[in-house]
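Visitor: Have a look at this one before I ask anything.
Residue numbers (my numbering): 144 to 277.
Dropping the structure here:
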């Protein structure tokens with residue numbers, strides 16, 4: 144098993160550095176074909192952030208992550224949480240990281256999440272201002 148850093152994933156998707164993009168695509172194809180590729184949830188979180196900074200749309204980001212999740216031979220850290228967060232991200236307005244925190248909380252029997260993020264709380268009925276729990 145070989146772990147994969149965010150920059151390899153980003154190069155393969157962005158294709159902004161041709162030489163590195165070519166190597167990244169070859170690496171991902173070869174290692175995933177051998178069923179030896181591991182991508183940490185943190186690498187996916189970073190990838191979403193980088194793609195957002197590079198002005199990719201939510202739909203483009205969603206599709207890039209979905210393609211990674213659907214790739215045979217790729218082990219994904221926190222796959223269930225990443226998948227749930229991605230679905231919420233596709234339908235909502237908050238950042239992917241917020242949805243990932245909510246998804247992981249739910250997986251650990253915490254259906255509600257306390258946050259001061261007013262926009263996120265409006266976007267999701269499971270988000271509450273901490274004052275509601277006091």
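The beta carbon of each residue, even a glycine, is placed where N, CA and C say it ideally should be.
Who are residue 146's beta bridge partners in DSSP?
Guide: Answer is 181.
Visitor: Check whether the Cβ atoms of residue 236 and residue 213 lie closer than 8 angstroms to each other.
Guide: No, Cβ-Cβ distance for residue 236 and residue 213 is not below 8 angstroms.
Visitor: Going by Cα to Cα distance, which pick from 146, 216, 245 and 193 is closest to residue 229?
Guide: The shortest C-alpha separation from residue 229 is found at 245.
Visitor: Can you tell me whether residue 159 is buried or exposed, with buried defined as 16 or more other CB within 10 angstroms of its CB?
Guide: Label assigned to residue 159: exposed.
Visitor: Confirm, please, whether the CB-CB distance from residue 145 to residue 174 is below 8 angstroms.
Guide: Yes; because the gap between Cβ atoms is below 8 angstroms, this pair is in contact.
Visitor: So residue 207 and residue 194 are supposed to be a Cβ contact under 8 angstroms. How far apart are they, rounded?
Guide: Indeed they touch by this definition, with Cβ atoms about 6 angstroms apart.
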